[in-house]
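A.B. asks: First the structure, which I've put down as structure tokens, then a few questions once you've had a look.
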Amino acid sequence: MLNLTPSYPRSQNPADVKAAHHCDLLFNRSFLDPVLCGEYPADLVAMLKAHDQLPACLPEDSALIADGKIDLLGVNYYQPRRGEVS
Numbered sequence: 188m189l190n191l192t193p194s195y196p197r198s199q200n201p202a203d204v205k206a207a208h209h210c211d212l213l214f215n216r217s218f219l220d221p222v223l224c225g226e227y228p229a230d231l232v233a234m235l236k237a238h239d240q241l242p243a244c245l246p247e248d249s250a251l252i253a254d255g256k257i258d259l260l261g262v263n264y265y266q267p268r269r270g271e272v273s
């Protein structure tokens, strides 16, 4: 069961669009992709590496994640995440 929250940019300014994408990666896809696709999103891994925040992984971790794909997903949806207006 996941609490999924779509993220919408405040505007179409590239910085706002990028921020909304980062929110989606961190709050949704970091949980969804491993259980549905068997791997973490490449752009999330790149972002974490760029900020020296990627956790240490063992070589066999990728196989464990790939083997952990699920057959059924429960979703809670309460409200979207929107950029705040200044």
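When we follow our numbering, the leftmost residue of the sequence shown carries the number 188, and every step to the right adds one.
Don't be surprised by glycine CBs; every beta carbon is placed ideally from N, CA and C.
Quick one: grab the DSSP three-state call for L235.
C.D. replies: L235: helix per DSSP, three-state reduction.
A.B. asks: For R268 versus T192, is the C-beta distance shorter than 7 Å?
C.D. replies: yes
A.B. asks: With a threshold of 16 other CB atoms inside 10 Å of the CB of Y227, please say whether the residue is buried or exposed.
C.D. replies: buried
A.B. asks: Where does D230 land, buried or exposed, given buried means 16+ other C-beta within 10 angstroms?
C.D. replies: exposed
A.B. asks: Assign D254 to buried or exposed, taking buried as 16 or more other Cβ atoms, counted over all protein chains shown, within 10 Å of its Cβ.
C.D. replies: exposed
A.B. asks: Classify D239 as buried or exposed, calling it buried when 16 or more other Cβ atoms lie within 10 Å of its own Cβ.
C.D. replies: D239 is exposed by the Cβ-count criterion.
A.B. asks: Using DSSP with H/G/I as helix, E/B as strand and the rest coil, what is S198?
C.D. replies: Here DSSP, grouped into helix, strand and coil, assigns S198 to coil.
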